[in-house]
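> Take a look at this one; I'll ask things after.
4 protein chains.
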Amino acid sequence: MVVVMAPGAAEDEISAVVARVEGAGGQAFVSRGVTRTIIGLVGDVEAFADMGLAAMGGVHEVVRVSTPYKLVSLEHHPAKTTVYVGGVPIGPDTFTLVAGPCAVESPEQTLAAAQMAKSAGATLLRGGAYKPRTSPYAFQGLGERGLQILADVRAETGLPVVTEVVDAHDVELVASYADMLQIGTRNAGNFGLLQAVGSVGKPVLLKRGMSATIEEWLMAAEYVAQRGNLDIVLCERGIRTFETATRNTLDIAAVAVAHGLSHLPVMVDPSHSGGRRDLVLPLSRAAIAVGADGILVDVHPHPETALCDGPQALVDSDLRALAAVCRQLPPMVGRG
Amino acid sequence: MVVVMAPGAAEDEISAVVARVEGAGGQAFVSRGVTRTIIGLVGDVEAFADMGLAAMGGVHEVVRVSTPYKLVSLEHHPAKTTVYVGGVPIGPDTFTLVAGPCAVESPEQTLAAAQMAKSAGATLLRGGAYKPRTSPYAFQGLGERGLQILADVRAETGLPVVTEVVDAHDVELVASYADMLQIGTRNAGNFGLLQAVGSVGKPVLLKRGMSATIEEWLMAAEYVAQRGNLDIVLCERGIRTFETATRNTLDIAAVAVAHGLSHLPVMVDPSHSGGRRDLVLPLSRAAIAVGADGILVDVHPHPETALCDGPQALVDSDLRALAAVCRQLPPMVGRG
Amino acid sequence: MVVVMAPGAAEDEISAVVARVEGAGGQAFVSRGVTRTIIGLVGDVEAFADMGLAAMGGVHEVVRVSTPYKLVSLEHHPAKTTVYVGGVPIGPDTFTLVAGPCAVESPEQTLAAAQMAKSAGATLLRGGAYKPRTSPYAFQGLGERGLQILADVRAETGLPVVTEVVDAHDVELVASYADMLQIGTRNAGNFGLLQAVGSVGKPVLLKRGMSATIEEWLMAAEYVAQRGNLDIVLCERGIRTFETATRNTLDIAAVAVAHGLSHLPVMVDPSHSGGRRDLVLPLSRAAIAVGADGILVDVHPHPETALCDGPQALVDSDLRALAAVCRQLPPMVGRG
Amino acid sequence: MVVVMAPGAAEDEISAVVARVEGAGGQAFVSRGVTRTIIGLVGDVEAFADMGLAAMGGVHEVVRVSTPYKLVSLEHHPAKTTVYVGGVPIGPDTFTLVAGPCAVESPEQTLAAAQMAKSAGATLLRGGAYKPRTSPYAFQGLGERGLQILADVRAETGLPVVTEVVDAHDVELVASYADMLQIGTRNAGNFGLLQAVGSVGKPVLLKRGMSATIEEWLMAAEYVAQRGNLDIVLCERGIRTFETATRNTLDIAAVAVAHGLSHLPVMVDPSHSGGRRDLVLPLSRAAIAVGADGILVDVHPHPETALCDGPQALVDSDLRALAAVCRQLPPMVGRG
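Protein chains in written order, with full-length UniProt numbering: chain D, 1 to 336; chain A, 1 to 336; chain C, 1 to 336; chain U, 1 to 336.
Okay, structure coming up:
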């Protein structure tokens, strides 16, 4: 159940609703959007229904929704959201290219990758300091040292930083360095982590779980939103199917379906979807054409030495070709 | 094992190879390409290896390949194929829009749909006279009467006809009416049917099986090719996954992967992939952008009365919008 | 829509219903069960609803069902069916072991495999004369010569024969040799073939399509049943998933689910599910324990030379161990 | 790379190996098994190869394995492991029934469920205090209050407690109450959590990720083992497939495959696999028959009021029937 406050509802009206819900043993999560505030209720729905919330001051309506997500739904928030990351917009009026190394390995490699990204026209830098790896014997990332490298490279290049966080108790640390927090596919059902990134006040890039339905993906976003953070960008990165020719199966329709259900921007990760360098360009074109708000690609100055996912990293010439497509194609499909 | 003849090999040189193979109890399938003839061998590979084929007149090389398909592979046929359907090309230098009703229901409905298709700019008419339906209690198609309607509508509109065949013993009948024979997703493993359409001398539209890997799809094409017919167009139409928001999951990467493995054209069916009218346009844009050689869409003058798959059929205004995209977008991604 | 006749309805009452339906342009499929006759209607359901069928003589009820299958459903046929194959029962009161070679390769190999099967206690012989193979370059079976070998081996051993048919127009030929017709996983959506085996008067072993839901599997059975043949045995053989450690994923729950929805017997094929010899015994034990009515296993006197699926074929000692389990375990789970 | 110490290697020999690895910038994880100690190395494998480890005192061998898991593999640990939970064994010589409520809701409900479990013959109590729920609006568990209830019920009934932990930083708290820590399906790729439970000294029940391959599942176990904890029980709980008749698809073959690859015990969760009360008994029988070392089932005194997964919870009579099967069937398949 959600309480939708009227535009311009006063703070004490909001507080009064929260107090009444908490007084009845429930929890109330306040989400302040651009035009209105929404209060999500958790607890005994039957009790809430008898509490006279709809008659309280500043309340526009009380909605008992059947869709399992509310705050992120287009139905309750018909204007599309633009998320700003260190001043860089991601949303309906632009197309955003995010590039960088899969893993931060060294200052030199990260700076070189960032310079490749910047000179090609990327406006955000991605790079992992904490790497969730299937094998405990694989490179796990540099941790806080990697975060420092990213911050240094940002200072040098001016590119805001997107980086993954894998543990709820690292969220504040990562947020102190990063401009945007990424939730990876393996953590799409790590609800404590979702709540933690929802509370810390930085934009979130939420990858789809590799076996998550679109509905479950939006519910993961709802976990973030429920903690008051609506600066969420969804990212389709391929799902797990029987096909083995590609690392995952890019569910290109999911971009259009998610756009139809949610006001949040939707990006695509063509690198992890296909897992092959030669597929990054065609999948990126498909992503632009289907209406994605941006793409996120792996680049590496020397992919043959990469500690993580070298086979899918772009080299400089690949990235320039891709960047040209990112400039030319979006206007031809009605964007920007 | 395949015997690749030299360009310009004489007919009697080809016959000699065939005779030697058959004399040893094997089967030899001759495939005459634009530049060279390829002979696929079936039978005791070890025996063939000792037969001195490589030394015979006109033989360029004898290849013992590890990929399970040969005739349809790009490796052995590096020039991309253009397939002509009633004179209409499908291939790398054009983009082909095929439109029509899912099922032929009546002369009026078929003609109306064909006129919609033609006036929007489609160059081929699709329509089913034999409908494989999951339920035995659903409309199964008009059979030969439907074929006659398609032929009449072709006479009226000039659009060549693509129609499905579901039984090996109907292949000659359907081929006597149609310009291109479609193999549906449920028959992608019906090898007798594949062989029959390979023998009848009409181009084939081969849909991917809903649980077929890309390799299996190419092997299905090999079944057709092995009977001497290389006029095959592959068609990605979505695979079966856990996601239920769409009817199937369009594997957009499969277009690029198939193009990298095979010389055959690859089309996309955005109607059956998504199963929803609102997804046809975005999925078609994605198909064009990823490099598909054409698309195949359902249209219906009155989708609300359609006997088959009404929810995914385009109406006139949808089709015009789609056709505009099919004209404008391909040149922007380097096609035509 | 189905017309359920009262127990003891007369033949002319049945004929009258059929005539009225056909007179209105519909089709009526008569299915004569042990206790009652059911008539399945195909055509314009709205018209049937106005035809007064419920008031006709001998009609118990007219059912407009929402489940897409009727004749095979437990709801309309509450007694479990026992199917007899050459006198051998498959059903709730017994447990049936079917064994034999994946492919008939020669008289010697087939006889040796059949003798292995018989001496271990199998009561039916399986073996393929028509082999649907993913590759056109793989052994495709001996065809009618294979059928003759099976018939000869039946004469020698007394074991009734189960063999696959892959083309509608071979059905009569195969039925003239075989005691039970098998529909393979690739043909589970080949509806013309399903109808053909439904018309020929021999019991049918219907494998589940590798990407068929349980509901679609029962609808495939309905295609057979609708032609008047209720002697159908369902066979779970694994579905296609992302897991690659096994050839397919045996959906063991499907046995219990199908038993809850249908009156037909349900068998399991542990050989094709796992694709590995070492899994046949544990999967067979699981099949018995979950309530399967029998199992179908590959055996071969010399698996290392098998032309088809050698890695999953049992040798003599394996088969004896398995047969012992098939005798001992079913009574312990309340069967026979 | 792993260093396998000889049986009886001294502590200072172990320490010397660790010191040399750490001196070279690597990490060494010591795992003390019943018969020998294994040291897993993480870092620069090439450097380790040149360090002369094989010649050090007490070292049996240095293994550079190609399988991505080592400590949990049967190859390197040929004796099957028995894990003891509060004195209760899980392993090859017994069959363990774990029962309890999906979620701890109240002292009364938990005690009632535990008494049901105990009187039926279950030897371990399961129950969730922290519930990972797809929807943020669903009941999330009682947290530490739930742990206290479980401890109180253990005191009353004597049943050791298995409960889930969902956040790395709760591991010590949960371990202070519980006898065994459960990792749920959504956290099978939460590597920080896996490492944390590997460090805390309590046995671990590791559910398979819903889209994890068997290899990935064993690698998740390797994460736990690498921190020195080999008291791991694997639990198959169904994978995500296209089939919707069941909540998940129980991969019954995975039990046998995992037993062939790992020395760890393997249990089955028939409640979450099927998601339906009527499937718990047949799936449990299948689990026993395939060779599982135990099962884990949901019970509830009043399923109709359950806050979580009521449709799959067993009531008292169901549980008694199941428990009888758990006593009678295992000996018939050669267990205990």
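Note that beta-carbon positions come from the ideal geometry of N, C-alpha and C, so glycine has one too.
#1: Closest Cβ-Cβ distance between U/H169 and chain D: below 8 angstroms?
#2: Just curious, the alpha helix (DSSP H) that U/E105 is in, first and last residue?
#3: I want to see whether chain C comes within less than 8 angstroms of A/E105, judged by CB atoms only; does it?
#4: Measuring alpha carbon to alpha carbon, tell me which residue in U/P89, U/T241, U/D269 is nearest A/S211.
#5: To the nearest angstrom, how far is it from the Cα of D/T246 to the Cα of A/E215?
#6: Just by C-beta distance, which residues in the segment 237-266 of chain A are closer than 8 angstroms to chain U?
#7: For A/G91 and A/L250, what's the separation of their Cα atoms in angstroms?
#8: Please decide whether D/V333 counts as near chain B, where near means a Cβ-Cβ distance under 8 angstroms.
#9: Give the secondary structure of A/K207 by DSSP, where H, G and I count as helix, E and B as strand, and everything else as coil.
#10: On the three-state DSSP scale, how would you describe A/I239?
#11: For C/A178, is the classification buried or exposed, using 16 other Cβ atoms within 10 angstroms of its Cβ as the cut-off for buried?
#12: I'd like to know whether the C-beta atoms of C/P68 and C/M219 end up nearer to each other than 8 angstroms.
#13: Can you check whether the CB of D/R237 is closer than 8 angstroms to the CB of D/K207?
#14: Alpha carbon to alpha carbon, how far is C/R276 from D/N190? Give it in angstroms, no decimals.
#15: Determine, using beta carbons only, whether D/A306 and D/I295 come nearer to each other than 8 angstroms.
#16: U/P282 touches chain C at which residues, Cβ-Cβ below 8 angstroms?
#17: Is the Cβ of U/A286 closer than 8 angstroms to any Cβ of chain C?
#18: Would you check if there are 3 or more beta carbon pairs closer than 8 angstroms linking the segment 195-202 of chain D to the segment 194-206 of chain U?
#19: What residues match up with D/D231 in a beta bridge as DSSP calls it?
#20: Among the residues of its own chain, which have a CB less than 6 angstroms from the CB of A/G8, if the five just before and after it don't count?
#21: Under DSSP, the alpha helix (DSSP H) around D/A256 begins and ends at which residues?
#22: From this set, A/I232, A/V255, A/N248, A/V161, which residue's C-alpha is nearest A/L264's C-alpha?
#23: Quick check: U/L319 and U/A99, are their CB atoms within less than 8 angstroms of each other?
#24: Which runs of the beta strand (DSSP E) fall wholly inside the segment 67-104 of chain A and span at least 3 residues, in chain order?
#25: Can you pull the chain A residues whose beta carbon is under 8 angstroms from the beta carbon of C/Q109, in chain order?
#26: Can you give me the C-alpha to C-alpha distance between U/L261 and U/A321, rounded to a whole angstrom?
#27: Ordered along the chain, which non-local residues of its own chain (more than five positions away) have a Cβ less than 8 angstroms from that of A/R5?
#28: Can you tell me whether A/A103 is buried or exposed, with buried defined as 16 or more other CB within 10 angstroms of its CB?
#29: Select from the segment 191-209 of chain C all residues with a C-beta closer than 7 angstroms to any C-beta belonging to chain A, and list them in chain order.
#30: Helix, strand or coil, according to DSSP, for C/L142 in the structure here?
#31: At the 8 angstroms Cβ level, is D/I214 part of the contact set with chain A, yes or no?
#32: Is it right to say C/P331 is buried, meaning 16 or more other beta carbons lie within 10 angstroms of its own, or is it exposed?
#33: Look at the alpha carbon of U/P303 and the alpha carbon of U/R133, and state the distance between them as a whole number of angstroms.
#34: Please report the residue range of the beta strand (DSSP E) in which U/G40 lies.
#35: Could you work out which residue in C/M51, C/V299, C/L173 is closest to C/K118 when comparing CA atoms only?
#36: In this structure, how does DSSP classify A/T185 when only helix, strand and coil are distinguished?
From the atom records:
#1: yes
#2: Careful: U/E105 lies outside any alpha helix (DSSP H) and carries neither H nor E.
#3: no
#4: U/T241
#5: 12 angstroms
#6: Within the segment 237-266 of chain A, the residues whose Cβ lies closer than 8 angstroms to any Cβ of chain U are, in chain order, R240, T241, F242, T244.
#7: 21 angstroms
#8: In summary, chain B is missing from the structure at hand, where the protein chains are D, A, C and U.
#9: strand
#10: strand
#11: buried
#12: Closer than 8 angstroms, so yes.
#13: Going by C-beta atoms, D/K207 is nearer than 8 angstroms to D/R237.
#14: 36 angstroms
#15: Cβ distance not < 8 angstroms, so D/A306 and D/I295 don't count as in contact.
#16: Going along chain C in sequence order, the residues near U/P282 (Cβ under 8 angstroms) are A253, V255, A256, A289, V290, G291.
#17: yes
#18: no
#19: DSSP lists no partner for D/D231.
#20: none
#21: 253-261
#22: A/I232
#23: yes
#24: 83-85, 88-90, 96-100
#25: Here the premise fails: no neighbours, minimum Cβ distance about 17 angstroms.
#26: 32 angstroms
#27: Reading the sequence as shown, one finds Met at residue 5 of chain A and not Arg. Correct list, in chain order: E13, I14, V17, R36, T37, I38, I39, G58, V59, H60.
#28: buried
#29: F191, G192
#30: coil
#31: True, the Cβ-Cβ gap to chain A drops below 8 angstroms.
#32: exposed
#33: 18 angstroms
#34: 37-42
#35: C/K118 has its Cα closest to that of C/V299, out of C/M51, C/V299, C/L173.
#36: The answer is helix: DSSP assigns A/T185 an H, G or I state.
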